[in-house]
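Notes follow the structure.
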Amino acid sequence: MPTGLFLSQQKHAHNILHCAKMADCNPVHTPIDTTGKFSIYAGELIKDPTTYRSLARALIYIREHAQRLSVARQGKDRSGE
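So the sequence shown is residues 21 to 101, counted in my numbering.
Below is the structure:
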């Protein structure tokens with residue numbers, strides 16, 4: 021029987037995609053143009069930025085915690101446990 025702890029943020033990530041209405045989207049390596057220039061004067065302003073801000077916070081949370089879990093795992097792998 022395996023022992024230890026398994027942590028996954030898959031459900032949390034799926035919930036974020038569902039809230040963004042992107043749960044059925046196809047994954048791509050880079051979803052945006054990485055060479056484009058952005059300007060605060062181009063395009064339309066978001067009427068209600070609440071959803072955008074919420075999604076941005078959630079993605080930052082996942083990114084930061086994934087890095088911490090990765091570092092913790094690397095430390096465990098090096099210790100031979």
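Cβ coordinates follow ideal geometry from the N, Cα and C atoms, glycine included.
Please state the DSSP three-state secondary structure of residue i.
i   : result
T71 : helix
C39 : helix
A62 : coil
K57 : coil
I82 : helix
H34 : helix
Flag this pair as yes or no: are the beta carbons of residue i and residue j separated by less than 8 Å?
i   : j   : result
A43 : H32 : no
L79 : I36 : yes
L75 : C45 : no
Closer than 7 Å: is that where the CB of residue i sits relative to any heavy atom of the ligand MN?
i   : result
E64 : Ligands in the displayed structure: none, and consequently the ligand MN is not present.
Return the Cβ separation of residue i and residue j in integer angstroms, given the expectation that the two are a contact with Cβ distance under 8 Å.
i   : j   : result
H85 : Q30 : Going by Cβ atoms, the distance from H85 to Q30 rounds to 13 Å, so no, they are not a contact pair.
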